[in-house]
Amino acid sequence: MNADITQWDRFLASFFDLAVMQKYLPDIVDGFLLTCHLAILIVISGLVLGLILAVIRAYEFWLTSWLIVVFADVMRALPPLVFILLLYFGLPGVGLNLSGYAATYVTLTLVLAAFSEEIFRAGILATPKGQWEAARSTGLGFGQSLAYVIMPQAIRMTVPPLTNRTIAIAKNTALGTVVGVGEILNQATTGQSFSGNASPLVLGALAYLILFIPVVVFGRWVETRFAWRRT
Amino acid sequence: MSDTPILDVQGLRKSYGKLEVLKGVDLAVRERELVFIIGPSGSGKSTLLRCCNRLEESNGGAVIFDGTDITAKSTNINAVRQKIGMVFQSFNLYPHMSAEGNVALALRKVLKRPKAEALERARAALDRVGLSDKAENYPNQLSGGQQQRVAIARALALEPKMVLFDEPTSALDPELVGSVLEVMRDLRTAGMTMLVVSHEMRFAREAADRVVFMDEGHIVEEGPPEQVFGDPQMPRTRDFVSRIDH
Amino acid sequence: MEFILQNFFNWDIVTQAWPLLLRGFGMTLILMAAVIPVGCIGGLTVALLGQSRFRAVRWLTIIYVDFFRAFPPLVLLIFIYAGLPFAGIDLPAIVSVCLAFLLNSSAYYGEVFRAGIESVGTGQAEAARSTGLSGFQTTTYVVLPQAIRNVLPDLVSNTLEVAKLTSLASVVALPELLYSADMARSVTFNATPIVMAAVLYLVLLWPLVRLLSRIEHRSMGSR
Ligand SMILES: Nc1ncnc2c1ncn2[C@@H]1O[C@H](COP(=O)(O)OP(=O)(O)O)[C@@H](O)[C@H]1O
Ligand SMILES: [Mg+2]
Chain E
69 MNADITQWDR FLASFFDLAV MQKYLPDIVD GFLLTCHLAI LIVISGLVLG LILAVIRAYE
129 FWLTSWLIVV FADVMRALPP LVFILLLYFG LPGVGLNLSG YAATYVTLTL VLAAFSEEIF
189 RAGILATPKG QWEAARSTGL GFGQSLAYVI MPQAIRMTVP PLTNRTIAIA KNTALGTVVG
249 VGEILNQATT GQSFSGNASP LVLGALAYLI LFIPVVVFGR WVETRFAWRR T
Chain P
-4 MSDTPILDVQ GLRKSYGKLE VLKGVDLAVR ERELVFIIGP SGSGKSTLLR CCNRLEESNG
56 GAVIFDGTDI TAKSTNINAV RQKIGMVFQS FNLYPHMSAE GNVALALRKV LKRPKAEALE
116 RARAALDRVG LSDKAENYPN QLSGGQQQRV AIARALALEP KMVLFDEPTS ALDPELVGSV
176 LEVMRDLRTA GMTMLVVSHE MRFAREAADR VVFMDEGHIV EEGPPEQVFG DPQMPRTRDF
236 VSRIDH
Chain W
7 MEFILQNFFN WDIVTQAWPL LLRGFGMTLI LMAAVIPVGC IGGLTVALLG QSRFRAVRWL
67 TIIYVDFFRA FPPLVLLIFI YAGLPFAGID LPAIVSVCLA FLLNSSAYYG EVFRAGIESV
127 GTGQAEAARS TGLSGFQTTT YVVLPQAIRN VLPDLVSNTL EVAKLTSLAS VVALPELLYS
187 ADMARSVTFN ATPIVMAAVL YLVLLWPLVR LLSRIEHRSM GSR
């Protein structure tokens, strides 16, 4: 009985030491903010780049299409951590110094661009041919038809898969810790090794829950909301 | 009715790979004329229609519309398409736009009209097909007949010289067919030139100037409706007409 | 040009690092062979629990799924690997990895299977039950085969993600492909070993990406 209590106390002391938590809270908050803005930057630039690539590919010039396919395949097949390490450790050798932050940003932006390009393209292909024909028959050009008629429908169709993919890639900001980006995970493990106590890890876990539970729930909502049927 | 045809199809050929779908089709449509095309499924009716506004590229022959050969590479096809409306079997309304949005899009982006003017003209076109009260409805809030009338308004709003109809009523429930035919009848009265693929025989008898029977990529027979339906000259026409005209 | 060759495609380093990387590649294959089935079975269990008659069980599975989807997989892995020792539980790296993958992948696979099961109309189950099949038989012989076919693209896509995730094991010093490559890099001060790892990953996973592109486009079109 007594032994149990001390065990429990030891557990509390290792995982919920309030003094340690208080000490490292500011670091975790810093990490939280960094994770947020890194994720937001990646989401914006990745989706924009993916959309641009999908539009270029819609024109079906063989050279650009081929380049985009190769790019999308490589970025989807490679584990992102491999690419981060490649940029971070490889580029200095050719005189280009990339910070860990930049390496993570570039990698995840390209990965999101690759995935979203494929998703947008699937949406464009899934838009019925009759929509193109109707648009073209009224004299709209290819680009106009794409912009005003096809893309609005394609994007709408792609919202659920895109949301899920975007969330998954935003979470990969945690990979930055490997190249020294001071995001949540990095702050938590640093705090843990300095204090010799697991409480900073618990704080980090809480930070992730606070950040991503709403996002995951939002993804769930999007999935039901955009189950969109044409008549 | 003037004598120079507004649409002159000359020796038109079209193949999909090895399959030859149009084997040299000649067809002239004069201004204010309503020409009906009938024929068995797969005979090339839709393909012929779609070559007339170059939704399909032909492989030989010419399509002269209002003096220009639209099959020529140098032709600005988007400019021509403003002048040739098209109505599809499956309506093909843009589902993300309201009825007036559907009609106004080309007015704004092709004719570059200001938004207010485009919407005004869109409403006028919708009024013409009896749908002024549905201007703000989205396609999924409209019946099939209403959707098809919006599609007709979309074609009319550009003030085309001619409208192509590809089986405009075949996707409709029988009780909705009448409303679309009525719009087409009004168009005919107003003097619109129309090329119609359809099997609405009653409508053809009462409204068509000429009926063209197509089979296997050829025009087999053409003439006034009384003749093609009542006294077909060719055995294949006779066979086809006897099967559909009850 | 010379510079780039020297730094990224250095043949001397390729020959030196090759044995190490090959061993790492073997470990990566073993990892994949372990964590993919673990995740699949876990996910199937989660999905079936999600269809439970009891509302409480259904809610618990939703909470489970959303909880573990909220954590980046690396966070889960590091917390298990670095955190559990504080609770007196010392796990070898490979067990930590498998545990992290079980929690993370079962949540994702669970969502995929759930969508699949829900895509099969209730008429199917009713027809099967009406012929005297038990609930278990109905699920195994009638519902699941259709469910899996309906979400095949998502299953393949998720499996691709899990396969790539094995590279995270390098962070907890499990000597798989990326870890071996990074070792070789830090010894040689040259990025060539990482390029080699990238090539090996591409050789292994590119066919899966191609397959995915095929079946994904087909499924969007039929929607
Ligand atoms: N895009 C296409 N590719 C290949 N074959 C086609 C295509 N469109 C039509 N066809 C073929 O061309 C023939 C004529 O089609 P169509 O003009 O649609 O006939 P109709 O409208 O008279 O029923 C049919 O055999 C059809 O299968
Ligand atoms: Mg047809």
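Residue numbers (the numbering used here), protein chains in the order written: chain E, 69 to 299; chain P, -4 to 241; chain W, 7 to 229. We put the beta carbon where it would ideally sit given N, CA and C, even for glycine.
Using a 10 angstroms sphere on the CB of A53/W, the tally of other CB atoms reaches 16 or more, which defines it as buried. DSSP lists Q5/P as the beta-bridge partner residues of A57/P. Cβ neighbours of Q141/P within its own chain (closer than 7 Å, five residues either side excluded): L126, K129. For G49/W and P199/W, the gap between their C-alpha atoms comes out near 35 Å.
For S85/P, the Cβ stays outside the 7 Å cut-off from all heavy atoms of ligand 2. A distance below 6 Å between beta-carbons, with the five flanking residues on each side excluded, links V124/P to the following residues of its chain, in chain order: R144, I147, A148, V178. Counting only runs of 3+ residues, the beta strand (DSSP E) found wholly inside the segment 69 to 110 of chain P occupies 79 to 82, in chain order. An exposed status is given to A179/W, since fewer than 16 other beta-carbon atoms sit within 10 Å of its beta-carbon.
Non-local C-beta neighbours of V71/W in its own chain, meaning closer than 7 Å and more than five positions away in sequence, comprise V52, A113, G116, E117, ordered along the chain. Every unbroken stretch of the alpha helix (DSSP H) spanning 4 or more residues and falling wholly within the segment 134 to 212 of chain E is given here in chain order: 148 to 153, 168 to 194, 197 to 205. In this structure, DSSP gives D161/P an extended state, which the three-state scheme calls strand. Distances from the alpha-carbon of L279/E to those of L101/E, F294/E, Q90/E put L101/E closest. Straight-line measurement puts the Cα of C46/W at about 10 Å from the Cα of N164/W. Taking a contact as a CB-CB distance under 8 Å, the pair L269/E and F85/W counts as one, their CB atoms being some 5 Å apart.
Between the segment 222 to 232 of chain P and the segment 38 to 47 of chain P, the count of C-beta pairs closer than 8 Å stays below three; the two stretches do not touch. Taken through DSSP and simplified to helix, strand or coil, R59/W comes out as coil. Exclusion of G198/E from the 7 Å shell around ligand 1 follows from its C-beta lying no nearer than that to any non-hydrogen atom of the ligand. By the Cβ rule, the segment 100 to 118 of chain E counts as touching the segment 238 to 257 of chain E, because three or more pairs are nearer than 8 Å.
Here the residues close to ligand 1, judged by CB distance below 5 Å to any of its heavy atoms, are Y11/P, V16/P, S36/P, G37/P, S38/P, G39/P, K40/P, S41/P, T42/P in chain order. Nearest Cα to V30/P within the set S237/P, G212/P, Q136/P, R180/P: R180/P. Under the 10 Å beta carbon count, R205/P is surrounded by 16 or more other beta carbons and is classified as buried.
For P181/W, no chain E residue has a C-beta closer than 9 Å to its own C-beta; the minimum C-beta separation is roughly 15 Å. With three or more CB-CB distances shorter than 8 Å, the segment 170 to 183 of chain E counts as touching the segment 111 to 130 of chain E. Counting the other CB atoms within 10 Å of its CB gives F262/E a total below 16, which places it among the exposed residues. Set against 7 Å, the gap from the CB of E162/P to the closest heavy atom of ligand 2 is smaller.
Contact of Y207/W with chain E is assigned, a C-beta pair being separated by under 8 Å. Inter-residue distance for R75/W and V205/W is about 29 Å (C-alpha atoms, whole angstroms). Look at V52/W: its C-beta is not under 8 Å from any C-beta on chain E. Using a Cβ distance threshold of 8 Å, V168/W and L80/W do not count as a contacting pair.
Collapsing the DSSP output to three states places S138/P in coil.
For T258/E, the uninterrupted alpha helix (DSSP H) segment begins and ends at 252 to 263. Distance from the Cα of A202/E is smallest, within the candidate group F188/E, V217/E, A190/E, for V217/E. Here V247/E is near G168/E, since their CB atoms are less than 8 Å apart.
Residue burial is scored here from C-beta neighbours: L176/P has at least 16 other C-beta atoms within 10 angstroms and is therefore classed as buried.
Look at the segment 66 to 79 of chain P: the residues with a C-beta under 9 Å from a C-beta of chain E are I72, N73, A74, V75, R76, Q77, K78, I79.
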